[in-house]
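From first to last, the protein sequence lines are chains A and B. Heads up: the first sequence is residues 214 to 419, going by my numbering. Heads up: the second sequence is residues 214 to 419, going by my numbering.
2 protein chains.
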Amino acid sequence: MALATKKPTRIQAKNRAIIERAALKIFSRDGFRGATVDAIAEAAGMSKPNLLYYFPTKDDIYRSLLEGLLKDWLGPLLDLDSKGEPTEQIATYISRKIELARDFPMESRLFANEMIRGAPILKDVLAGDLRASVDAKAAVIQAWMDEGRLRKIDPHHLIFAIWATTQHYADFDVQVRALLGDDSDARFGSAAEALTSIFLDGLRMR
Amino acid sequence: MALATKKPTRIQAKNRAIIERAALKIFSRDGFRGATVDAIAEAAGMSKPNLLYYFPTKDDIYRSLLEGLLKDWLGPLLDLDSKGEPTEQIATYISRKIELARDFPMESRLFANEMIRGAPILKDVLAGDLRASVDAKAAVIQAWMDEGRLRKIDPHHLIFAIWATTQHYADFDVQVRALLGDDSDARFGSAAEALTSIFLDGLRMR
DNA sequence: GGCCTTCTTGACCATTTGGTAAAATCGACG
DNA sequence: CGTCGATTTTACCAAATGGTCAAGAAGGCC
């Protein structure tokens, strides 16, 4: 039986999950090219042929991880509510993104690795689904600005800035720790506060 | 003669430069583990043993690239002048960082790769030189805030935010292109403008 | 030109890598 | 408890990888 074709058995579900967790750890650290099947198998506590019984190739494991990643990652943006209070909506978005960076740093680094190497797998979805979603939400933000409810700033760059600043705490975790110390609560709590303050009010005294 | 010990010949200088340029391309895309000496040699238009004549190991090439990277990258921050006008200093810093992202994207991605994998090579310098420099400049910014010349925002997080937003245009170039198009002037010009506006004045209407 | 050093090459090597084949073991279900 | 598909293991393979070695080609300097 070709594994992927029928509904998975209990063992399949369990082992696929174990493998994906292990692969996330390895791929997010070493990138696709740097990761080895042996390393993933060891992290999964499983022999290499056994792992390859569940995912026939290294590529399959990697694609399986990327699949759905974008969706989860984009959730908070999609929740921006055009009928809500603009500054509050933005503040909520920032908070939720910071929580993602805190709770799923390896997913963030996996994505960063895929971008850095030129998104060979995700390129199509970037230009397709992602672009459509982002353009739609950029339009919502633009409408707020046109109504005079927010200062005018290119909404695409605004979205980039929120992505960049929040994901930074996951992707550059080692640097942030080196400069701020290892206390996780302090790092992420003060980050959310500082970012909200920057994005809403900026630096200039009024 | 052990190559590294005496002053380099003309040929050595030239070939080392060629190799470093090629290695930057490969390492910045594939990371340390994913890069191969063969790939670097091919990119350098040179046989592998010949390349290894100039840099005995893959590790040596990588370290050579990282060396000095931090210094160049940190320059604009160090130029923050405590005697200047605060908002203008910040705006200049943002512009210069955007220019670095535009002109040296591979260097940015090389650094990002090193951070993502936990900075095994740079860890010490992060906790040493980098931390000292950043703390010093954070103190300058803090002083401006204490004097009432800038709104109060944790200076470390402010610096992170400027790093993250500017480097994003290099590290996530493929994503930015997918969403904004390939016109480089437009991307970087509008980015500098939008970021300055965000950091100085934020989103909230006044 | 002669000579010494620097540079380049081709052949090679041990290890790692992604993946396969077939046999052995396990587990659910009648 | 026997059987049949699902799972795991052992042994294996060809290609890729980081690196070595000895010999040849090319500079530079008198």
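Idealized CB from N, CA, C, for every residue including glycine. On a predicted model such as this, the values are computed, not experimentally measured, just so you know.
Can you tell me where the alpha helix (DSSP H) holding residue i begins and where it ends?
i, result
"residue 246(A)", "223-247"
"residue 402(B)", "397-414"
"residue 324(A)", "318-329"
"residue 251(B)", "250-256"
"residue 365(A)", "Neither: residue 365(A) is in no alpha helix (DSSP H) and is coded neither H nor E."
"residue 349(B)", "344-359"
"residue 334(A)", "Element bounds for residue 334(A): n/a, residue is neither H nor E."
"residue 284(B)", "282-291"
"residue 269(B)", "Counting along the chain, residue 269(B) falls outside any alpha helix (DSSP H), and DSSP gives it neither H nor E."
"residue 386(A)", "386-393"
Just to confirm before moving on: does the CB-CB distance between residue i and residue j stay below 8 angstroms?
i, j, result
"residue 314(A)", "residue 409(A)", "no"
"residue 278(B)", "residue 233(B)", "yes"
"residue 339(B)", "residue 355(A)", "no"
"residue 385(B)", "residue 311(B)", "no"
"residue 240(B)", "residue 230(B)", "no"
"residue 244(B)", "residue 344(A)", "no"
"residue 353(B)", "residue 293(B)", "yes"
"residue 330(B)", "residue 242(A)", "yes"
"residue 377(A)", "residue 411(B)", "no"
"residue 420(A)", "residue 334(A)", "Given a span of 214 to 419 for chain A in the structure shown, any question on residue 420(A) remains unanswerable."
"residue 256(B)", "residue 235(B)", "yes"
"residue 252(B)", "residue 264(B)", "no"
Tell me, to the nearest whole angstrom, how far the beta carbon of residue i is from that of residue j; I am working on the premise that it is less than 8 angstroms.
i, j, result
"residue 308(B)", "residue 367(A)", "The pair is not a contact, with the Cβ atoms about 16 angstroms apart (cut-off 8 angstroms)."
"residue 413(A)", "residue 300(A)", "6 angstroms"
"residue 237(A)", "residue 319(A)", "5 angstroms"
"residue 415(A)", "residue 415(B)", "3 angstroms"
"residue 271(B)", "residue 250(B)", "5 angstroms"
For residue i, which option in the options has the closest C-alpha, if you only look at C-alpha atoms?
i, options, result
"residue 224(B)", "235(B), 267(B), 236(B) and 376(B)", "267(B)"
"residue 450(A)", "270(B), 338(B), 321(B) and 364(B)", "Look at the range of chain A in this structure, 214 to 419, and you will see that residue 450(A) is not part of it."
"residue 321(B)", "332(B), 380(B) and 346(B)", "380(B)"
"residue 418(B)", "359(A), 239(A), 281(A) and 337(A)", "359(A)"
"residue 286(A)", "259(A), 316(A) and 261(A)", "316(A)"
"residue 289(A)", "296(A), 265(A), 302(A) and 374(A)", "302(A)"
"residue 382(A)", "341(B), 325(B) and 411(B)", "325(B)"
"residue 337(A)", "283(A), 361(A) and 349(A)", "283(A)"
"residue 332(A)", "369(A), 275(A) and 370(A)", "275(A)"
"residue 159(B)", "258(B), 349(B), 396(B) and 341(B)", "Beyond the ends of chain B as shown, which are 214 and 419, falls residue 159(B); an answer cannot be given."
"residue 369(A)", "362(B), 399(B) and 361(B)", "399(B)"
"residue 259(B)", "228(B), 323(B) and 357(B)", "228(B)"
"residue 405(B)", "295(B), 269(B) and 306(B)", "306(B)"
"residue 362(A)", "295(A), 396(A) and 397(A)", "295(A)"
"residue 281(B)", "269(B), 262(B) and 342(B)", "342(B)"
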